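**Q** Quick one: the structure is below, questions incoming.
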Amino acid sequence: MNLSELSNITNGTLTGIDTEFKNISIDSRTVQSGDCFFAIKGEYFDGHDFISDVAKKNVAAIIVDRDVKTNIPHIHVKNTRQALIDLACFYRQHITIPVAAITGSCGKTTTRALLENILKQSGNVLASKKSFNNDIGLPLTLLKLNPSYNFVALEIGTNHPGEIAGLTKIAKPTIATVTMVAPVHIEHFGTLEAIAREKGAIFEGLTSDGIAVINADDQHATFWKKMAAMHRIITFAKNNSADVTARDIKFTPDGKTTFTLFLPNKNILISLPLLGEHNITNALAAAAMAFAMNISIENIKTGLETVQPEYGRLVEKKGFAGATIIDDSYNANPASVKAAITLLTHRAKNSILVFGDMLELGNIADEQHADIGIFAKNAGIKKLFCYGKLSAQAAKTFGENAQHFDNHDALIESLKPQLQKDTTVLIKGSRGMKMEKVVEALCYCG
């Protein structure tokens, strides 16, 4: 694409020579010669502040939304963030391959990884990476598309009302699912029903011939079916009747699962290498989407059985003194914490839960943290180590054998002597709590 085309697509004004560019970049550290750099203002950095650095890398052009002094060809637009979206929407118009979109309060990254691995058995997949699921990450993913790809697997996130509808307009999925609804970011939505409505907007953004894949175990399934009434619907469920189900579920001693996957026309035995019973639901969501995309049951099986866990999501590691560390530090909400606790109690008799605050719970935060302490105690967790202001409520309701800390260092120093060969430690907390620091301090592998 040349700059005059880009200028037309973004309603911008081109200054300098009209030339072609190779790729799109928003990162001054990784931009390459011949790329087009979008100077986007983010939460911590403003791309306009790095134009002099970008200029030294022989970029083809710069997209800006303020006056700049540079000899490099540049396009002035009203808003660089919107310009990136406009370009992605233009690209999307020319995509004819299946586009799968996944949202949900929990499990969307794992479900995306499962679906991606299934689709890889049948062709090349362009997929969201590093939770690129917002109005910057999603366009950047779509802009990587080239003729070598056969499928697109996108993750779509939200923490404020209206975001799913906006992102779905960019993605225009041919297949979409909501993994589940839980009180995540509820301080921005108010109620669980409002979250379900926000997530369900993904179905309203389907292409005219799109397929809605609905979790029949979720209490909002009927509501979503109404939202997707104009489309073909495929259901999945672990507990209820559905088009795609799991039966004969068994748990291996190491915490993994086997089950028989039932599709509408066939069934097959699955050995899922991911920890946790909740990952059966994620596997069913991915299998249902793959079935909707006409992927063979054999390739679905291979994809499910060879997937690798995502960073910070129930990854088993070797800890000091022979202890087992389960790194689930990437994020946390009430539903995912309870799922992790259930796994931990199935895995180990000598179990320690390291629990960091669950953020963005609004006025139910104290109640939800207190509930985690009760749940952990009743589940049989032996010791609870809490970090953060809110998690003090969990320590309080857990009672004896619970400790609370205000900083990572004190937590780590108290935790290290607890490590021994028969101990399993699961570490979990919201992204902002940086619980990966605890993981790194307890593991040989970091």
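Quick note: the sequence shown uses the numbering used here, first residue 1, plus one each step. Quick reminder that beta carbons are idealized off the backbone N, C-alpha and C, glycines included. Source: prediction; values computed, not measured.
So, helix, strand or coil for Asp86, using DSSP?
**A** Along the sequence shown, one-based indexing puts residue 86 at 86. Of the three classes helix, strand and coil, the one that applies to Asp86 here is helix, per DSSP.
**Q** Tell me which same chain residues have a C-beta within less than 6 Å of the C-beta of Thr207, skipping the five on either side of it?
**A** Residue numbering aside, residue 207 sits at position 207 when the sequence shown is read from its first letter. Correct list, in chain order: Lys172, Thr174.
**Q** Give a yes or no on contact between the segment 269-283 and the segment 100-111, applying the rule of three or more CB pairs nearer than 8 Å.
**A** yes
**Q** Within this structure, are the beta carbons of Ala61 and Cys36 separated by less than 8 Å?
**A** Here residue 61 refers to the residue found at position 61 when the sequence shown is read from its first residue. Here residue 36 refers to the residue found at position 36 when the sequence shown is read from its first residue. In this structure, Cys36 lies closer than 8 Å to Ala61 by Cβ.
**Q** Touch check for the segment 74-88 and the segment 130-139: three-plus C-beta pairs under 8 Å?
**A** yes
**Q** Judging by CA-CA distance, which residue of Lys349, Leu6, Ile17, Val152 is the nearest neighbour of Lys453?
**A** Residue 453 cannot be examined here, being either before or after the span of the chain that is shown, 1 to 446.
**Q** Provide the residue span of the beta strand (DSSP E) that contains Glu187, from first to last.
**A** Working through the sequence shown from its first residue, we reach residue 187 at position 187. No beta strand (DSSP E) contains Glu187, which is instead part of the alpha helix (DSSP H) from 186-189.
**Q** Rounded to whole angstroms, what's the CA-CA distance from Ser7 to Asp67? Just pull it up for me.
**A** Taking the sequence shown and counting its residues from 1, the one referred to as residue 7 is at position 7. Taking the sequence shown and counting its residues from 1, the one referred to as residue 67 is at position 67. Whole-angstrom Cα-Cα distance: 16 Å.
**Q** State the start and end residues of the unbroken beta strand (DSSP E) segment that holds Phe21.
**A** One-based indexing of the sequence shown puts residue 21 at position 21. Per DSSP, Phe21 belongs to no beta strand (DSSP E) and is neither H nor E.
**Q** Could you give the distance in angstroms between the alpha-carbon of Ala237 and the alpha-carbon of Thr15?
**A** Locating residue 237 in the sequence shown gives position 237, counting from the first residue. Locating residue 15 in the sequence shown gives position 15, counting from the first residue. Going from the Cα of Ala237 to the Cα of Thr15 covers about 55 Å.
**Q** Note down, one range per segment and in chain order, each alpha helix (DSSP H) of at least 4 residues found wholly within the segment 253-310.
**A** 278-292, 297-305
**Q** Can you look up Phe37 in the DSSP assignment and give me helix, strand or coil?
**A** Taking the first residue of the sequence shown as position 1, residue 37 is located at position 37. DSSP places Phe37 in the strand class (E or B) of the three-state scheme.
**Q** At 4 residues or longer, what runs of the alpha helix (DSSP H) sit wholly inside the segment 75-154?
**A** 80-93, 108-120, 137-142
**Q** Beta-carbon separation of Gln93 and Gly303 under 8 Å?
**A** Numbered from 1 along the sequence shown, position 93 holds the residue referred to as residue 93. Numbered from 1 along the sequence shown, position 303 holds the residue referred to as residue 303. Going by C-beta atoms, Gln93 is not nearer than 8 Å to Gly303.
**Q** Express the C-alpha separation of His346 and Glu298 in angstroms, rounding to a whole number.
**A** Residue numbering aside, residue 298 sits at position 298 when the sequence shown is read from its first letter. Residue numbering aside, residue 346 sits at position 346 when the sequence shown is read from its first letter. Answer to the nearest angstrom: the Cα atoms are 30 Å apart.
**Q** Helix, strand or coil for Leu206? Go by DSSP, reduced to three states.
**A** Against the sequence shown, residue 206 aligns to sequence position 206. Reduced to three states, the DSSP call for Leu206 is coil.
**Q** For the segment 389-407 against the segment 416-423, are there 3 or more C-beta pairs whose distance is under 8 Å?
**A** As far as the Cβ criterion goes, the segment 389-407 does not touch the segment 416-423, which means the pair count is below three.
**Q** On the DSSP bridge assignment, give the partners of Gln32 in chain order.
**A** Within the sequence shown, the letter at position 32 stands for residue 32. DSSP lists no partner for Gln32.
**Q** Run through DSSP, which three-state label would Gly446 get?
**A** Residue 446 sits at position 446 when you count from the first residue of the sequence shown. With a pLDDT of only 43 at Gly446, under the threshold of 50, the placement of this residue in the model should not be trusted; the figure read from the coordinates follows. Three-state result, Gly446: coil.
**Q** Among Gly373, Val125, Leu344, which has the Cα closest to the Cα of Thr324?
**A** Locating residue 324 in the sequence shown gives position 324, where the first residue counts as 1. Closest option to Thr324, Cα to Cα, is Leu344.
**Q** Can you give me the C-alpha to C-alpha distance between Val77 and Asn11, rounded to a whole angstrom?
**A** Position 77 of the sequence shown, counted from the start, is the residue given in the question as residue 77. Position 11 of the sequence shown, counted from the start, is the residue given in the question as residue 11. Between Val77 and Asn11, the C-alpha separation is close to 7 Å.
**Q** If you count every other CB in all the chains shown that lies within 10 Å of the CB of Gly446, and 16 or more means buried, which is it?
**A** By 1-based counting over the sequence shown, the position of residue 446 is 446. In this predicted model, Gly446 has a pLDDT of only 43, less than 50, meaning its place in the structure is not dependable; the value taken from the coordinates is given anyway. Burial call: exposed.
**Q** Between the beta-carbon of Thr305 and the beta-carbon of Pro273, is there less than 8 Å?
**A** Reading the sequence shown from its first residue, position 305 is the one you call residue 305. Reading the sequence shown from its first residue, position 273 is the one you call residue 273. Note that residue 305 is Glu in the sequence shown, not Thr. Against a cut-off of 8 Å, the Cβ pair of Pro273 and Glu305 comes out as a contact.
**Q** Between which two residues does the alpha helix (DSSP H) harbouring Gly356 extend?
**A** Translated into the one-based positions of the sequence shown, residue 356 becomes position 356. No alpha helix (DSSP H) holds Gly356; the beta strand (DSSP E) holding it covers 350-356.
**Q** Can you give the Cα-Cα distance for Ile233 and Ile300, rounded to whole angstroms?
**A** Counted from its first residue, the sequence shown places residue 233 at position 233. Counted from its first residue, the sequence shown places residue 300 at position 300. If I take the Cα positions, the gap works out to 19 Å.
**Q** Could you tell me whether the Cβ atoms of His185 and Glu360 are closer together than 8 Å?
**A** Within the sequence shown, residue 185 is the residue found at index 185, counting from 1. Within the sequence shown, residue 360 is the residue found at index 360, counting from 1. Yes; because the gap between Cβ atoms is below 8 Å, this pair is in contact.
**Q** Where does Phe251 sit, in a helix, a strand or coil, going by DSSP?
**A** Taking the first residue of the sequence shown as 1, we reach residue 251 at position 251. Residue state, collapsed to three classes: strand.
**Q** On a Cα-Cα basis, can you pick out the residue from Ile51, Phe45, Asn58 that is closest to Glu20?
**A** Here the question's residue 20 lines up with position 20 in the sequence shown. Closest by alpha carbon: Asn58.
**Q** Going by DSSP, which residues form a beta bridge with Val64?
**A** Counted from its first residue, the sequence shown places residue 64 at position 64. According to DSSP, Val64 bridges with His76.
**Q** Using three-state DSSP, classify Val59 as helix, strand or coil.
**A** On the sequence shown, residue 59 is found 59 positions in, with the first residue counted as 1. Correct three-state label for Val59: coil.
**Q** Grab me the residues of Thr260's own chain with a C-beta within less than 6 Å of its C-beta, minus the 5 sequence neighbours each way, in chain order.
**A** Along the sequence shown, read from residue 1 onward, the residue named residue 260 stands at position 260. Correct list, in chain order: Arg247, Asp248, Asn267, Leu269.
**Q** Helix, strand or coil for His220, going by three-state DSSP, please let me know.
**A** Here residue 220 refers to the residue found at position 220 when the sequence shown is read from its first residue. His220 falls in the coil class under three-state DSSP.
**Q** Which residue wins for smallest C-alpha separation from Lys226, given the options Ser241, Ala196, Pro253?
**A** Locating residue 226 in the sequence shown gives position 226, where the first residue counts as 1. Comparing Cα positions, the closest option is Ala196.
**Q** Answer with yes or no whether the minimum CB distance from Arg197 to chain C is below 8 Å.
**A** The chain labelled as chain C is not found in the depicted structure, where only one protein chain is given.
**Q** What span of residues does the alpha helix (DSSP H) with Asn215 cover, start to end?
**A** For this step, residue 215 is matched to residue 215 along the sequence shown. In the DSSP assignment, Asn215 falls outside any alpha helix (DSSP H) and within the unbroken beta strand (DSSP E) covering 211-215.
**Q** Spatial neighbours of Val178 within its chain, please: CB distance less than 7 Å, with the 5 preceding and 5 following residues excluded, ordered by chain position.
**A** Translated into the one-based positions of the sequence shown, residue 178 becomes position 178. Correct list, in chain order: Thr103, Gly104, Lys199, Gly200, Ile202, Asn215, Trp224.
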